[in-house]
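Residue numbers (my numbering): 279 to 468. All C-beta atoms, glycine included, are put in the ideal place defined by N, C-alpha and C.
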Amino acid sequence: MTLPTQAIAAKIFHWVNIVSVFIMFTSGLQIYNANPVFGGREGWQIPPIFTLGGWLAGGRHWHFAAMWIFSLNLFWYGLYIFITRRWRHRFVGTKDLKALQKSHNSKRLIYAWHRIVYTSIIPILLLALFTGLGMYKPAQFHWIVEMFGSWQALRIVHFSSVPLLIVFAIAHSWLGKQAGGEKLTESMFW
Ligand code: HEM
279 MTLPTQAIAA KIFHWVNIVS VFIMFTSGLQ IYNANPVFGG REGWQIPPIF TLGGWLAGGR
339 HWHFAAMWIF SLNLFWYGLY IFITRRWRHR FVGTKDLKAL QKSHNSKRLI YAWHRIVYTS
399 IIPILLLALF TGLGMYKPAQ FHWIVEMFGS WQALRIVHFS SVPLLIVFAI AHSWLGKQAG
459 GEKLTESMFW
């Protein structure tokens, strides 16, 4: 049996992405606790175990430092898949959608779902980056704030990256294991 192999660039992207998104996630929840998006200062707080930074300013420092690693990593990965033309076969395509409609092969169906789910991380991350940019520099990117109608709407959409990432992480790791077992999962890391 041939072992699955991944390009070293894909492994580096994957590692840096996991670590930087984890920091964005936990420091974002710290910022959230200073003035919860839902319910204001009386609103429901995130337990400290899930937060990073200790207090509002600490959370902001982490968020804005990891923001550079997170966004530059996404940027060079975008360039990499564009230049190497991997984008043409790496993400979900019509063949997967056709398989979902017609195939009775359970392996093929799982694989199609796996591709749909891992493709979904790209728009999720871009949405977090786009809305985050609007909140980071609201004077320069006022059109981003205006696009969402209000500051509160922009906060809600930015916050939606939290539940989306949780659902993604569960579905992606489960489907990855179903599609290629431990070997495929490990090949993405080592
Ligand atoms: C996976 C990526 C990200 C996650 C999970 C995330 C999560 C969060 C959360 C939960 C909050 C608190 C929301 C609130 O209380 O209004 C927040 C705030 C914020 N985030 Fe993010 N974020 C991410 C990426 C980014 C990026 C890439 C940027 C910048 C380009 C950014 C900029 C901001 C800003 C400016 C705030 C508000 C800070 C403040 O009010 O002091 N975020 N983020």
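May I ask you to report which of helix, strand or coil DSSP gives residue i?
i      : result
Leu453 : helix
Trp429 : helix
Pro325 : coil
Thinking C-beta only, is residue j closer than 7 Å to residue i?
i      : j      : result
Tyr396 : Ala287 : no
Gly410 : Phe419 : no
Leu387 : Ser349 : no
Alpha carbon to alpha carbon, how far is residue j from residue i? Give it in angstroms, no decimals.
i      : j      : result
Tyr355 : Lys385 : 29 Å
Leu352 : Ala285 : 16 Å
Thr329 : Ser381 : 44 Å
Pro401 : Met466 : 21 Å
Ala447 : Gln379 : 25 Å
Can you find a heavy atom of the ligand PLP that lies under 6 Å from the Cβ of residue i?
i      : result
Ser439 : The ligand PLP is not among the ligands present in this structure, which contains only the ligand HEM.
Assuming the contact rule is C-beta atoms closer than 8 Å, residue i and residue j should be a hit. Round their C-beta distance to whole Å, please.
i      : j      : result
Pro282 : Leu462 : 5 Å
Ile347 : Val423 : Incorrect: roughly 25 Å between the Cβ atoms, too far for contact.
Ile232 : Arg338 : An answer regarding residue 232 cannot be provided, because it is not within the stretch 279 to 468 covered by the chain.
Ser305 : His341 : 4 Å
Val315 : Phe437 : 5 Å
Could you give the first and the last residue of the continuous alpha helix (DSSP H) run that contains residue i?
i      : result
Arg366 : 365–368
Gln409 : Sequence check: residue 409 is Thr here, not Gln. Start and end: 384–414.
Gln379 : 372–380
Ala417 : Taken as a continuous stretch (DSSP letters only), Ala417 belongs to no alpha helix (DSSP H), as it is neither H nor E.
Answer yes or no: does any C-beta atom of chain D fall closer than 7 Å to that of residue i?
i      : result
Ser298 : In the structure shown, chain D does not exist; there is a single protein chain.
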